[in-house]
Ligand SMILES: CC(C)[C@H](C(=O)O)[C@@H](O)C(=O)O
Ligand code: SF4
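Residue numbers (the numbering used here): 759 to 1226.
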């Protein structure tokens, strides 16, 4: 019987299955950060247990680390304690790799894993973090887990799970100029809604997906969780294999050849069954901008803020009214007339080298609008930062009046010093625009790196395609 990629990944990791479908899955890679691991390590200590396979663990500090003045350490005592607790736990228990605060390879866990070859096709990958779906770009079964599950995986190398239904999201055709993987992600969420993927494992396929780089594929799978699905995945092809060659933890020599042979089987077979299929035409996707407080509250840059008066469904209408009031927006305002106070280019969605190159290509020779208070460029990892500097991208940003920062989660969520002040409006390349996400009272509009860079220059949203 033809199998989907999800079937293959699931079947190859089931250790035990109950009659009701509850299964015990073997976990290959366990990514760890400072926010969701302290109680898990504490639980292990209290139970007197040792981790089952510490060489599965790759850890880094990201959410609570500052992105400037690293010489001054972490000023906030709670953030400092979180990071120091991770340091102490890794010292005590060990790890395959640890990229602590200030390490030259430190960065956002979902950037660090793949760039070191710690995320490999066919793996089950978990992390106490919802954006673990990112790693599905490598044909992995990857999803977030809760803190008690982090402890369970540390102790047993397994996870109790139930198989999801499967959804194929097929994007055929060629993306237009200035349209990116981020726009595909937002367009998908705009179509199916933030609950559309609930209970499903998503597979992204079609010629537009095959045309994406690994960076773009990670951006897309990263946002599977915003579509309600815990996992999103993409089949292996030459682009996957080329990306992994000679990474730190990629197999070498004969093992590489054997691995590649296996990885090539990690595709959905012709005729594999899916519980749901959604189709999008890549050529019809335009640069997207969210206007509300959920990623599904999205339109294209040529669109307008919706008018709740035109919505019949009372629940939907009041949801839009509330979002517009929080966002400080008036119905029917053209998106291109919305001014921004700050711009954030970073996060596990869009902080990889290709994202920075794309932003720099827009910024080169141009200046930040005087009305824009701050533009933060936050590379996803120390390696991304070093690569960008080797290419001179930082100079383009600095010359434009942008701030070139150290890696970390930064202004994606208000867990460190980078945040919005109440009422401030931000063009952000991150993945969540909930109330208060980037700081209490802050207003977030999700966009691609190109669109964020263009907004920084224009002072308001602008169709990046008109910038030439
Ligand atoms: C802090 C962490 C648990 C959280 C997540 O699970 O995603 C964070 O990374 C986020 O993006 O909101
Ligand atoms: S960058 Fe944002 S979304 Fe990604 S792990 Fe950090 S806080 Fe979560």
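Cβ atoms here follow ideal geometry from the backbone N, Cα and C, with glycine treated the same way.
query	result
Pick from 1187, 1192, 994 and 1182 that is closest to residue 1200, judged by C-alpha positions	1182
Distance cut-off 7 Å: residue 868 Cβ against heavy atoms of ligand 2	yes
Cβ shell of residue 813 (< 6 Å), same chain only, five flanking positions each side left out	854
Pairwise C-alpha distance: residue 978 and residue 940	6 Å
Which listed residue (1139, 1121 and 1145) has its alpha carbon closest to that of residue 1215	1121
Residue from 1159, 1177, 1161 and 1158 with nearest C-alpha to residue 1167	1177
Integer-rounded CB distance, given that residue 790 should sit under 8 Å from residue 821	Going by Cβ atoms, the distance from residue 821 to residue 790 rounds to 12 Å, so no, they are not a contact pair.
Range covered by the beta strand (DSSP E) that runs through residue 901	899-902
Beta-bridge pairing of residue 857 - partner residues as DSSP gives them	818
Cβ contact (3+ pairs, closer than 8 Å) linking the stretch 973-987 and the stretch 1078-1096	no
8 Å contact criterion, which residue 895 and residue 972 should meet: CB distance rounded	6 Å
Residue 991 - partner residues in DSSP beta bridges	961
Inter-residue spacing [alpha-carbon to alpha-carbon] between residue 1114 and residue 1158	14 Å
Residue 808 - DSSP class collapsed to helix/strand/coil	coil
Status (buried if at least 16 other CB within 10 Å, exposed otherwise) for residue 1179	exposed
Reduced DSSP secondary structure (H/G/I, E/B, other) of residue 1103	strand
Three-state secondary structure (DSSP) of residue 979	helix
Three-state secondary structure assigned by DSSP to residue 1237	Absent from the structure is residue 1237, since the part of the chain shown begins at 759 and ends at 1226.
Endpoints, the beta strand (DSSP E) within which residue 774 is located	772-775
For residue 889 and residue 1164, the rounded distance between their alpha carbons	21 Å
Near ligand 1: residue 1002 beta-carbon under 7 Å from a heavy atom	no
Member of 1190, 1137 and 1206 whose CA lies at the smallest distance from the CA of residue 864	1137
Endpoints, alpha helix (DSSP H) assigned at residue 876	That residue, residue 876, is in no alpha helix (DSSP H); it is neither H nor E in DSSP.
Local Cβ density within 10 Å of residue 899, reported as buried at 16 or more and exposed below that	buried
Segment limits, alpha helix (DSSP H) that includes residue 912	905-914
Element boundaries [beta strand (DSSP E), containing residue 1034]	1034-1039
Candidates 1060, 1134 and 1153, of which the one nearest residue 1224 by Cα	1060
Residue 960 CB to nearest heavy atom of ligand 2 below 7 Å	no
Proximity test, residue 1129 beta-carbon vs ligand 1 heavy atom, cut-off 7 Å	no
Buried versus exposed, by CB contacts within 10 Å (16 or more), residue 1123	exposed
Distance CB(residue 1188)-CB(residue 1203) smaller than 8 Å	no
DSSP state of residue 1046 mapped onto helix, strand, coil	strand
Proximity of residue 1005 and residue 1140 at Cβ, strictly below 8 Å	no
Residues bridged to residue 882 (per DSSP)	899
Heavy atom of ligand 2 within 7 Å of residue 1189 beta-carbon	yes
Nearest residue (CA-CA) to residue 964, options 980, 942, 1086 and 950	942
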